[in-house]
Amino acid sequence: MKEYTITINGIEDYPQAAREFVELLDKGRIFAFYGKMGSGKTTFIKSICEELGVEDSINSPTFAIVNEYEDRNQNTIYHFDFYRIKSIEEVYNMGYEEYLYGDAICFMEWPELIEELLPEETVKVFVEETEGGARSVKIMLAE
């Protein structure tokens, strides 16, 4: 397991943090973002998508469960928010295999609710608020 840490001291640091994160995209395709409500998961994913050249409006798919974006190279990105799922059957019914075992990049918020379905190679990203309102982003790469 290889670990990287990115520190975000304030909102102005998100673009640079996203650039650092994008450099790691060749290490995985499925990224599970863990963190408390309000820790900055959605803001960080939005910054990553912007860095990848997504031009659509980027927001949390809280009610839709998944949003689909296209980056500057016409690659598909799926952004999931599993916060509102009530059972694992909902995820089965949405055809999760198509998303997780396809070619697209997948960013997932609240993955702990579907942990049993995550592929072994999932990159785990832990977003945590630290003292003074900074964010620590710990990225755990499966090797």
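For the sequence shown, our numbering gives the first residue as 11, with consecutive numbering after it. Quick reminder that beta carbons are idealized off the backbone N, C-alpha and C, glycines included. As the structure is a computational prediction, the values presented were derived from the model and not from experiment.
For residue i, which beta-bridge partners are listed by DSSP?
{"i": "Tyr10", "result": "The chain is shown from 11 up to 153; residue 10 falls before or after that span and cannot be answered."}
{"i": "Leu151", "result": "Lys12"}
Quick one: residues in its chain with C-beta nearer than 6 Å to the C-beta of residue i, no 5 flanking neighbours on either side, listed in chain order?
{"i": "Met118", "result": "Ala42, Phe90"}
{"i": "Gly38", "result": "Val133"}
{"i": "Phe136", "result": "Tyr44, Lys148"}
{"i": "Ile68", "result": "Lys56, Cys59"}
Cutting at 7 Å between CB atoms, please list the residues of its own chain near residue i, excluding the five before and the five after it.
{"i": "Asn167", "result": "As displayed, the chain neither begins before 11 nor continues past 153, which places residue 167 out of reach and without an answer."}
{"i": "Val32", "result": "Ile58, Glu61, Leu62"}
Judging by CA-CA distance, which residue of the options is the nearest neighbour of residue i?
{"i": "Tyr109", "options": "Ile21, Ile40, Leu34, Val32", "result": "Ile40"}
{"i": "Arg94", "options": "Gly63, Trp120, Thr53", "result": "Trp120"}
{"i": "Ile98", "options": "Ile75, Asn83, Arg82", "result": "Ile75"}
{"i": "Glu141", "options": "Ser67, Ile18, Thr53", "result": "Ile18"}
{"i": "Gly20", "options": "Lys12, Asn103, Phe54", "result": "Phe54"}
{"i": "Leu123", "options": "Tyr111, Lys96, Met104", "result": "Lys96"}
{"i": "Asp81", "options": "Phe92, Phe73, Val64", "result": "Val64"}
{"i": "Tyr73", "options": "Tyr111, Thr86, Ile87, Phe92", "result": "Per the sequence shown, the amino acid found at residue 73 is Phe instead of Tyr. The shortest Cα separation from Phe73 among Tyr111, Thr86, Ile87, Phe92 belongs to Phe92."}
Find out if the Cβ-Cβ distance for the pair residue i, residue j is shorter than 8 Å.
{"i": "Ala114", "j": "Glu131", "result": "no"}
{"i": "Ser49", "j": "Glu125", "result": "no"}
{"i": "Leu128", "j": "Val101", "result": "no"}
Going along the chain, which residues of its own chain have a beta-carbon closer than 8 Å to the beta-carbon of residue i, five neighbours each way excluded?
{"i": "Leu34", "result": "Tyr14, Val133, Ile149, Leu151"}
{"i": "Arg29", "result": "Glu61"}
{"i": "Gly143", "result": "Gly20"}
{"i": "Pro25", "result": "Ser57, Glu60, Glu61"}
Query raised in the report: Which parts of the segment 62–147 are runs of the alpha helix (DSSP H), unbroken and 4 residues or longer, counting only runs that do not cross its ends?
Result: List check, alpha helix (DSSP H) in window: 98–103, 106–110.
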